[in-house]
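Participant: Numbering (this note's numbering), first residue to last: 346 to 537.
Got a structure here, written out as structure tokens. Questions coming.
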Amino acid sequence: MKLFKNILLYISAFIPMYFLIFVKVIIDIFNDNMSWNILNTLNLFTLVLLIFFGFIGLVWNIHFNKEVPQEIVILKKENITDKHFLGYFSLFVFFAIPLDLNYISGFVVYVLIILMIGIVYINNSLYYINPLLNMLGYNFYDITYQERGSTQAKNAKFFYKGTLEIEDKTYWVKLKNTNFSFIDKNHLKRGN
Numbered sequence: 346m347k348l349f350k351n352i353l354l355y356i357s358a359f360i361p362m363y364f365l366i367f368v369k370v371i372i373d374i375f376n377d378n379m380s381w382n383i384l385n386t387l388n389l390f391t392l393v394l395l396i397f398f399g400f401i402g403l404v405w406n407i408h409f410n411k412e413v414p415q416e417i418v419i420l421k422k423e424n425i426t427d428k429h430f431l432g433y434f435s436l437f438v439f440f441a442i443p444l445d446l447n448y449i450s451g452f453v454v455y456v457l458i459i460l461m462i463g464i465v466y467i468n469n470s471l472y473y474i475n476p477l478l479n480m481l482g483y484n485f486y487d488i489t490y491q492e493r494g495s496t497q498a499k500n501a502k503f504f505y506k507g508t509l510e511i512e513d514k515t516y517w518v519k520l521k522n523t524n525f526s527f528i529d530k531n532h533l534k535r536g537n
């Protein structure tokens, strides 16, 4: 089950790219640059499924994880959204613009590249590289924190919607893993 959730999380990272390719194919078909055939129908159907499953994976991982919330005090934070977002965005451009999906060979290469990137993404727990979350207003932070009542400092990567303030505040987190967790804005507690 955990592997399936991680695969869906990987798929969610590419939702903007799937959308761009979907728009490209639709425009090419309506401008007679591509024909309406079985391959293009399969391609559109696949893109719709990927977008759907990506959203399911994102919602599942954010709102329906079974981790118990922990109260933490953030000692140090660094917003590292820009370090990962732009590099990943270049993959979108690489896929969406030059790849000719009108041919079976182009479609097969497209699928193989997605699979290869997915293997690297999941094997290296790169779940924090998710441009869709940034587009939805989340920032990505490398954080040093302590669990409430502990003196041991720990490091993790967290998403937070908006700008994270750490002075005189504690937060609740559901720590999925050290590479993909969310600070719960709804359970913000002021003061120590």
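All residues carry an ideal CB built from backbone N, CA and C; glycine is no exception.
Predicted model only: the values in this text are computed from it and were never measured.
Measuring alpha carbon to alpha carbon, tell me which residue in Asn475, Ile488, Val465 and Tyr363 is nearest Glu510.
Facilitator: Residue Ile488 is the option with its Cα nearest to Glu510.
Participant: Could you tell me which residues DSSP pairs with Tyr505 in its beta bridges?
Facilitator: Note: Tyr505 sits in a beta bridge opposite Asn484.
Participant: Does Leu471 come out as helix, strand or coil in the three-state DSSP assignment?
Facilitator: Leu471: coil per DSSP, three-state reduction.
Participant: Which partner residues does Lys421 have in the DSSP bridge list?
Facilitator: Thr489.
Participant: Buried or exposed: Gly402, going by 16 or more other Cβ atoms within 10 Å of its Cβ?
Facilitator: Gly402 is buried by the Cβ-count criterion.
Participant: By Cβ distance below 6 Å, which residues in the same chain neighbour Tyr363 in space, the five residues on each side in sequence not counted?
Facilitator: The residues are Leu392, Leu395 and Ile396.
Participant: So if DSSP puts Ile528 in a beta bridge, which residue, or which two residues, is it bridged to?
Facilitator: Val518.
Participant: Report the CB separation of Lys499 from Phe485 in whole angstroms; it is logged as a contact under 8 Å.
Facilitator: Contact doesn't hold; Cβ gap of about 17 Å is too wide.
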